[in-house]
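Here the structure comes first, spelled out in C-alpha cells, and everything after it is commentary.
Number of protein chains: 4
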Amino acid sequence: MRIGDAPSTNLSDYPFTHRIRVRFAETDAMGIVHHGRYLPYLEETRVEYLRSIDHPYTATRAEGIDFSVIEVWLSYVAPCCFDDEIDVHLRIGAVTRATFQLHYLLTVGGTMRTSAITAHSAVNSDGRPVRLPTWLSALAPSP
Amino acid sequence: MRIGDAPSTNLSDYPFTHRIRVRFAETDAMGIVHHGRYLPYLEETRVEYLRSIDHPYTATRAEGIDFSVIEVWLSYVAPCCFDDEIDVHLRIGAVTRATFQLHYLLTVGGTMRTSAITAHSAVNSDGRPVRLPTWLSALAPSP
Amino acid sequence: MRIGDAPSTNLSDYPFTHRIRVRFAETDAMGIVHHGRYLPYLEETRVEYLRSIDHPYTATRAEGIDFSVIEVWLSYVAPCCFDDEIDVHLRIGAVTRATFQLHYLLTVGGTMRTSAITAHSAVNSDGRPVRLPTWLSALAPSP
Amino acid sequence: MRIGDAPSTNLSDYPFTHRIRVRFAETDAMGIVHHGRYLPYLEETRVEYLRSIDHPYTATRAEGIDFSVIEVWLSYVAPCCFDDEIDVHLRIGAVTRATFQLHYLLTVGGTMRTSAITAHSAVNSDGRPVRLPTWLSALAPSP
Numbered sequence: 348m349r350i351g352d353a354p355s356t357n358l359s360d361y362p363f364t365h366r367i368r369v370r371f372a373e374t375d376a377m378g379i380v381h382h383g384r385y386l387p388y389l390e391e392t393r394v395e396y397l398r399s400i401d402h403p404y405t406a407t408r409a410e411g412i413d414f415s416v417i418e419v420w421l422s423y424v425a426p427c428c429f430d431d432e433i434d435v436h437l438r439i440g441a442v443t444r445a446t447f448q449l450h451y452l453l454t455v456g457g458t459m460r461t462s463a464i465t466a467h468s469a470v471n472s473d474g475r476p477v478r479l480p481t482w483l484s485a486l487a488p489s490p
Numbered sequence: 348m349r350i351g352d353a354p355s356t357n358l359s360d361y362p363f364t365h366r367i368r369v370r371f372a373e374t375d376a377m378g379i380v381h382h383g384r385y386l387p388y389l390e391e392t393r394v395e396y397l398r399s400i401d402h403p404y405t406a407t408r409a410e411g412i413d414f415s416v417i418e419v420w421l422s423y424v425a426p427c428c429f430d431d432e433i434d435v436h437l438r439i440g441a442v443t444r445a446t447f448q449l450h451y452l453l454t455v456g457g458t459m460r461t462s463a464i465t466a467h468s469a470v471n472s473d474g475r476p477v478r479l480p481t482w483l484s485a486l487a488p489s490p
Numbered sequence: 348m349r350i351g352d353a354p355s356t357n358l359s360d361y362p363f364t365h366r367i368r369v370r371f372a373e374t375d376a377m378g379i380v381h382h383g384r385y386l387p388y389l390e391e392t393r394v395e396y397l398r399s400i401d402h403p404y405t406a407t408r409a410e411g412i413d414f415s416v417i418e419v420w421l422s423y424v425a426p427c428c429f430d431d432e433i434d435v436h437l438r439i440g441a442v443t444r445a446t447f448q449l450h451y452l453l454t455v456g457g458t459m460r461t462s463a464i465t466a467h468s469a470v471n472s473d474g475r476p477v478r479l480p481t482w483l484s485a486l487a488p489s490p
Numbered sequence: 348m349r350i351g352d353a354p355s356t357n358l359s360d361y362p363f364t365h366r367i368r369v370r371f372a373e374t375d376a377m378g379i380v381h382h383g384r385y386l387p388y389l390e391e392t393r394v395e396y397l398r399s400i401d402h403p404y405t406a407t408r409a410e411g412i413d414f415s416v417i418e419v420w421l422s423y424v425a426p427c428c429f430d431d432e433i434d435v436h437l438r439i440g441a442v443t444r445a446t447f448q449l450h451y452l453l454t455v456g457g458t459m460r461t462s463a464i465t466a467h468s469a470v471n472s473d474g475r476p477v478r479l480p481t482w483l484s485a486l487a488p489s490p
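Protein chains in written order, with this note's numbering: chain L, 348 to 490; chain Z, 348 to 490; chain U, 348 to 490; chain C, 348 to 490.
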C-alpha cells in the first residue's frame, strides 16, 4: 500500500479548514451519515483548498489535467448526524513527481469523527499519468 | 408543464419490468429509501429497457446522442425499505419528433409504492436537441 | 396529480434564497450535474429555510414529526456544471391541513436552470399522517 | 492503522463473487465511475454474501445488531465505466472478538480495477460495540 502512517490527530498540523453541513440525504437507516458519503466531503474540501491557494480545480481541468484518485483510507472514529457542521481539516502529505497525498481530520464541535488520507495522480484527458504541475510539487512539506 | 396525466396504475399496461434490490446506502435516517434515490432506479430501468429492445444506450451514446432528462414527476405512495426487491414497470408515454416520455410503476410484492414519469430529449455532444432516432419514434403508442 | 401549475419564473416572488456550490461528485459522464442530484439541493434549501424562520428541522424531528416527501416535479431548463454556484430560490405553495408544497427556482448567475415543486405531509414516528404544526399552516399564502 | 497488508490479487483466494452493473448516475465528469461510488458496491456485495451464507443482514438488524464500518481502504487500479459489469470478489480477512475485515477485488472481464478492505464492528441499537455473533466469528480463516 502506498498510503503510509495514519494522519496526525493534532489540529494545529492542519493549515486549512472547510466547514460542511450534513444533508438529510447523506444519512442512512442507522440514523448517521453513511460511510460512503465522506469521500465527497473530502473532495469538496480539496476543491476549496485549491481555490484558496489560487489554483482553482476548474483552471487545472481547463488545462487538460485531472487529479485522479488512486487510493483512499478512512477511519471512522465516531459518527456524524443530520445537520452537524463538520470541520474538515486538510494538510499536504507525501508528494512525488507524479503523485500527492492529502491528510484530513473531520471534527464536529472540536471532537474527532473521522480521519482520512487520499492519494492522487495527475492525468491528462486520455487518463495517462503526467508530471504534477510545478505549483503543486512546490507544496510538498519540507523533509 | 409538459408532463400530463398521471400514469396508469394498471400493471398490465406496462410491457417491461426490471427488478432492483434496495441498497443500505439508499436509505436515510427515516429508515426508508430516500426520495432522491428513485431517479437512479428509473434510469437503470430505462437502460435495461433499451437493452431489451436491442438499442443499448451505450450504442446510442457511441453515435454521439444522449437522452437528456428534461422533466420528471414522482408520486411517493408508500415507502420502500432496505433489501426490498422493487419491480420497476415501464411503458412508453407521449412521443414527439424531439422528445419522449416514459411512465413507471414501482411495486414491492405486487403493492404499489411509487409512480413516475420522465421526459427526455435527444441531444448531440454539444447538448443541442436533435431528432429522435427513427427506431425510438417508432415506439410511440398508436393514438 | 396533486401538484398543479408550474412555479412562477419571477425571482421577486421568492422570499428565500440559498446558495449551493456543485460538487464534482454530483456531475455525470455527460459533464453536467446528474438530474437526480437536484433533489438533495432542494432538501438542503428547505432545511435552511426552516432554520431561517426559527423552526429548524432538527427541532421538528425531535418532537417526533417528519416532513415526508409525497410528490415532486422538476423541469430541467439548462444544465449546471461542476463548481457552479447555484442560487436556490424558495417560496411556499399550496397548504392544506395535512400537506404543504414548496416552489423552487434554481439560477446560476441570474439565469434559470431548473424549476421544481415538492409536496410534503407531516408524519409521526410510525409514518402516519398528522396535522401540520400550527406555525407551518400559518405560512400559507393568503388566497 | 488497523487495516494491514494489501489484499491478495489472486482471484482463487476469493470464495464469493457478486456482479453489479454500473449505473449512469454513478459516473462523473471524468467519464468514469466516481471513486466514492465503490463503497456502496462493496456494501451491496457484503449484503449478498451474508444472504448466501444464510445470515441475511435484515435478520441481524432485526436482532438489534448493526455491522458498523470502522475503517476502509481502496486502491483504484483502473477505472470502470458506465454499463460495465463489475465482478466484486469477497473473502473474509482478520477476525477478532469484536471486529472483522473483508477483502475485495473488483474485476471487469477478468481484469483488475480496484482492490479494497473494509473493517467492521458489531454495535447494538445504541451504537455500542458488542461481541460478534458466533456464526460470524466462526468464519475466521484458520491461522
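Here a beta-carbon is modelled for each residue, glycine too, at the ideal position from N, C-alpha and C.
Beta-carbon neighbours of residue i, restricted to chain Z and to distances below 8 Å
{"i": "I417 (chain U)", "result": "S422 and Y423"}
{"i": "V435 (chain C)", "result": "Simply none; closest approach about 13 Å."}
{"i": "D375 (chain L)", "result": "F371, A372, T374, D375 and A376"}
{"i": "D430 (chain C)", "result": "V394, P403, Y404 and T405"}
Per-residue burial, residue i [other beta carbons within 10 Å of its own, 16 or more giving buried]
{"i": "E390 (chain L)", "result": "buried"}
{"i": "W482 (chain Z)", "result": "exposed"}
{"i": "A406 (chain L)", "result": "exposed"}
{"i": "P488 (chain L)", "result": "exposed"}
{"i": "S462 (chain U)", "result": "buried"}
{"i": "R384 (chain C)", "result": "buried"}
{"i": "R366 (chain U)", "result": "exposed"}
{"i": "L486 (chain Z)", "result": "exposed"}
{"i": "R393 (chain C)", "result": "buried"}
{"i": "R349 (chain U)", "result": "exposed"}
Cutoff 8 Å: residue i Cβ touching any chain Z Cβ
{"i": "D360 (chain L)", "result": "no"}
Residue i to residue j span [Cα, whole Å]
{"i": "S415 (chain C)", "j": "T454 (chain L)", "result": "19 Å"}
{"i": "I433 (chain U)", "j": "D473 (chain L)", "result": "30 Å"}
{"i": "A409 (chain U)", "j": "V470 (chain Z)", "result": "46 Å"}
{"i": "D401 (chain C)", "j": "D431 (chain U)", "result": "47 Å"}
{"i": "G411 (chain C)", "j": "P476 (chain C)", "result": "12 Å"}
{"i": "T374 (chain C)", "j": "F429 (chain U)", "result": "13 Å"}
{"i": "P403 (chain U)", "j": "Y396 (chain C)", "result": "41 Å"}
{"i": "T458 (chain L)", "j": "T364 (chain L)", "result": "14 Å"}
{"i": "I439 (chain Z)", "j": "S484 (chain U)", "result": "39 Å"}
{"i": "P426 (chain L)", "j": "P354 (chain L)", "result": "18 Å"}
{"i": "P362 (chain U)", "j": "H450 (chain U)", "result": "11 Å"}
{"i": "E418 (chain C)", "j": "A466 (chain C)", "result": "5 Å"}
{"i": "P480 (chain C)", "j": "G378 (chain Z)", "result": "23 Å"}
{"i": "F447 (chain L)", "j": "G351 (chain U)", "result": "52 Å"}
{"i": "R478 (chain C)", "j": "D413 (chain Z)", "result": "51 Å"}
{"i": "R368 (chain U)", "j": "H381 (chain U)", "result": "14 Å"}
{"i": "T505 (chain L)", "j": "H436 (chain C)", "result": "The requested residue 505 (chain L) does not occur in the structure, where chain L is confined to residues 348 to 490."}
{"i": "D464 (chain L)", "j": "A441 (chain C)", "result": "The amino acid at residue 464 (chain L) is misidentified as Asp; the sequence shows Ile. For I464 (chain L) and A441 (chain C), the distance between alpha carbons rounds to 22 Å."}
{"i": "Y388 (chain C)", "j": "W420 (chain Z)", "result": "28 Å"}
{"i": "G456 (chain C)", "j": "D360 (chain C)", "result": "18 Å"}
Residue i at chain L interface by Cβ criterion, 8 Å
{"i": "T465 (chain U)", "result": "no"}
{"i": "H381 (chain Z)", "result": "yes"}
{"i": "F371 (chain U)", "result": "yes"}
{"i": "D413 (chain C)", "result": "yes"}
Residue i: CB within 7 Å of a non-hydrogen atom of the ligand GTP
{"i": "S355 (chain U)", "result": "As presented, the structure is devoid of all ligands, the ligand GTP included, so that no description of it is given."}
CB contact below 8 Å: residue i versus chain U
{"i": "P387 (chain L)", "result": "yes"}
Closer than 8 Å to chain C by CB, residue i
{"i": "E391 (chain Z)", "result": "yes"}
Chain-ordered chain U contacts of residue i [CB-CB under 8 Å]
{"i": "V455 (chain L)", "result": "The contacting residues do not exist; V455 (chain L) stays about 14 Å from chain U at best."}
Interface residues of chain C facing residue i [CB-CB closer than 8 Å]
{"i": "F363 (chain U)", "result": "Here the premise fails: no neighbours, minimum Cβ distance about 29 Å."}
Supposed close pair residue i, residue j - CB separation, criterion 8 Å
{"i": "A376 (chain Z)", "j": "F371 (chain L)", "result": "7 Å"}
{"i": "L358 (chain Z)", "j": "L452 (chain Z)", "result": "7 Å"}
{"i": "A445 (chain Z)", "j": "S468 (chain Z)", "result": "6 Å"}
{"i": "R460 (chain L)", "j": "V424 (chain L)", "result": "6 Å"}
Partner residues on chain L for residue i, Cβ-Cβ distance less than 9 Å
{"i": "P426 (chain C)", "result": "S415 and G474"}
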